[in-house]
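Residues 49 to 418, numbered by my numbering, are exactly what the sequence shown covers, in order.
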Amino acid sequence: MKLITVNSGSSSLRLSVFYMNEHSLRLLNSEHYLTEEVSGCEQFSQLLGNLDALDADIVIHRVVHGGNKLISTCKIDNRVESEIEQLIPLAPLHNNASLMMIRYCREMLGQHAVQLAVFDTAFYTDLPRVASTYALPHVLCQRFAIRRYGFHGLAHRAMWSDIQAIKPGLAEGGRVISMQLGSGCSITAIDRGAAVDTSMGFTPLEGLVMATRVGDIDPGLLIYLQRECHITLNELDRILNRESGLMGISGSSGDMRILLDADDPASRLAVDIFCYRIRKYLGAYLAILGGCDAILIGGGIGENSPEIRRKIFERLDWFGIFLDESANQAQIDHASALHLPHSKCEIWVMPVDEAEVLAREAVEFLKASS
Numbered sequence: 049m050k051l052i053t054v055n056s057g058s059s060s061l062r063l064s065v066f067y068m069n070e071h072s073l074r075l076l077n078s079e080h081y082l083t084e085e086v087s088g089c090e091q092f093s094q095l096l097g098n099l100d101a102l103d104a105d106i107v108i109h110r111v112v113h114g115g116n117k118l119i120s121t122c123k124i125d126n127r128v129e130s131e132i133e134q135l136i137p138l139a140p141l142h143n144n145a146s147l148m149m150i151r152y153c154r155e156m157l158g159q160h161a162v163q164l165a166v167f168d169t170a171f172y173t174d175l176p177r178v179a180s181t182y183a184l185p186h187v188l189c190q191r192f193a194i195r196r197y198g199f200h201g202l203a204h205r206a207m208w209s210d211i212q213a214i215k216p217g218l219a220e221g222g223r224v225i226s227m228q229l230g231s232g233c234s235i236t237a238i239d240r241g242a243a244v245d246t247s248m249g250f251t252p253l254e255g256l257v258m259a260t261r262v263g264d265i266d267p268g269l270l271i272y273l274q275r276e277c278h279i280t281l282n283e284l285d286r287i288l289n290r291e292s293g294l295m296g297i298s299g300s301s302g303d304m305r306i307l308l309d310a311d312d313p314a315s316r317l318a319v320d321i322f323c324y325r326i327r328k329y330l331g332a333y334l335a336i337l338g339g340c341d342a343i344l345i346g347g348g349i350g351e352n353s354p355e356i357r358r359k360i361f362e363r364l365d366w367f368g369i370f371l372d373e374s375a376n377q378a379q380i381d382h383a384s385a386l387h388l389p390h391s392k393c394e395i396w397v398m399p400v401d402e403a404e405v406l407a408r409e410a411v412e413f414l415k416a417s418s
């Protein structure tokens, strides 16, 4: 049986093909594309052909926003597709891309291929009410299903699972802080396997500074921009999602690699703010968890940038967190410890293979449904 995983991110598309039988799951092929490189159904068909995937039996999609109704992996039908579409305004960089890929796959593979969806928000379904509730009128929150949903759940759950395999002695799963640092960025506090807080909220805009997304911002500023500067809602949406973050601060790029190589004040400020915001959240989550057993770092920036990791962990010796600079500078292509022996909290770079996580999710779902 052949299985395709489709991972539509805010700036990229990852396609992987697996062979699955009763006993094993084997990767056959994988490709990574920039989103703008996939401009239509015909081109998508060519990508599937290049991967020898036009005869796939199962397709599993990572969908960023499942709202309060899509809270577990499910088969995609008209109801699920409609719900994903209704949530596009809450995750405009993601859900629309996922919906497009779902429809491309249906057209290319026909009705014989089963399509499944796994939701990034599912990991945060049981987020404690003190963490998930906004200080808005209760009636308003109930009427419009307003809460902090959290995102990147697939990656955060996978990082936690991986550290359990490496460190099975963590008491009841331990107290873990995980960071997903890529084009989109988030940080999650996990207590004994359950998410207790996370930086992203009702939409993927909240929280850390990201490549082009603003992160935390005073809501009064948004009112000011509309009322006094006459910026329309559509313009505001574009600014907050596509023109802010690292791109907005630097005025030149949302790519951390470019900013780290640059020597102008605006680029340096963008990098400093990026790391500063992460350190603020890290301190908050240390307080919420009452200490921490392990800090996990994933995502393209987290896995590949020693300088960013060094900046994040500087001045944390007050808590007894000590980065091993030689380990930090080493080439990392697998789970790697970056802490000194006397550090009270371990630091791990934890690469996440989201394609394999999606594929195994499909296997578990099909077993449970059979």
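All residues carry an ideal CB built from backbone N, CA and C; glycine is no exception.
Have a look at D168, I238 and V54 and flag the residue whose alpha-carbon is nearest the alpha-carbon of T251.
With distances taken between Cα atoms, T251 lies closest to D168.
For T173, which of I345, A101, A243 and Y324 has the nearest alpha-carbon?
The shortest C-alpha separation from T173 is found at A243.
With DSSP as the reference, please indicate the residues paired to S388 in a beta bridge.
Correcting the residue type first, residue 388 is Leu in the shown sequence and not Ser. For L388, which the question treats as bridged, DSSP gives no partner whatsoever.
Around the Cβ of Q379, are there at least 16 other Cβ atoms within 10 angstroms (buried) or fewer (exposed)?
Flag for Q379 reads exposed.
Is the stretch 313 to 330 touching the stretch 296 to 305, taking contact as three or more C-beta pairs under 8 Å?
Contact holds: three or more Cβ-Cβ distances are below 8 Å.
So is A219 buried or exposed if we call it buried at 16+ other beta carbons inside 10 Å?
It counts as exposed.
C233 lies in the beta strand (DSSP E); which residues open and close that run?
Element bounds for C233: C233 to D239.
Quick check on this structure: which residue in L288, P267 and S60 has the alpha carbon closest to the alpha carbon of H80?
Per the Cα distances, S60.
Assign E70 to buried or exposed, taking buried as 16 or more other Cβ atoms, counted over all protein chains shown, within 10 Å of its Cβ.
E70 is exposed by the Cβ-count criterion.
Tell me the start and end of each unbroken alpha helix (DSSP H) in the stretch 60 to 140 that is at least 4 residues and wholly inside, in chain order.
DSSP runs (the alpha helix (DSSP H)) wholly in the stretch 60 to 140: 89 to 98 and 126 to 134.
Alpha carbon to alpha carbon, what distance is there between L406 and F413?
If you take the alpha carbons of F413 and L406, they lie about 10 Å apart.
Report the residue from D266, R205 and Q190 whose alpha carbon sits nearest the alpha carbon of I235.
Checking every option, the nearest Cα to that of I235 belongs to R205.
Go to R327, then tell me how far its alpha helix (DSSP H) extends in each direction, as first and last residue.
Run containing R327: P313 to L337, per the alpha helix (DSSP H) assignment.
Which residues does DSSP list as the beta-bridge partners of L195?
The question names Leu, but residue 195 in the sequence shown is Arg. Looking at the DSSP assignment, R195 forms no beta bridge with any residue, so it has no partner.
Could you check whether A161 and A104 sit closer than 7 Å to each other, using their CB atoms as the reference points?
Cβ distance < 7 Å, so A104 and A161 count as in contact.
Thinking L364 and I211 are a contact (beta carbons under 8 Å), I'd like their distance in whole angstroms, please.
Not a contact, Cβ separation roughly 19 Å.
Which partner residues does Q228 have in the DSSP bridge list?
S234 and G346, per the DSSP bridge assignment.
Nearest by alpha-carbon distance to R114: which of L141, F199 and D125 is it?
Checking the sequence shown, residue 114 turns out to be Gly, not Arg. Cα-wise, what sits closest to G114 is F199.
For the beta strand (DSSP E) that contains F167, what are its first and last residues?
Unbroken beta strand (DSSP E) run through F167: V162 to F167.
Rounded to whole angstroms, what is the Cα-Cα separation between L188 and V178?
Near 17 Å, if we compare the C-alpha coordinates of V178 and L188.
How long is the line joining the alpha carbons of T181 and I356, rounded to whole angstroms?
So the two alpha carbons sit approximately 31 Å from each other.
When you compare only the Cα positions, how much space is there between G346 and K117?
Going from the Cα of G346 to the Cα of K117 covers about 28 Å.
Could you pull the DSSP bridge partners for D245 from this structure?
Paired residues: A237.
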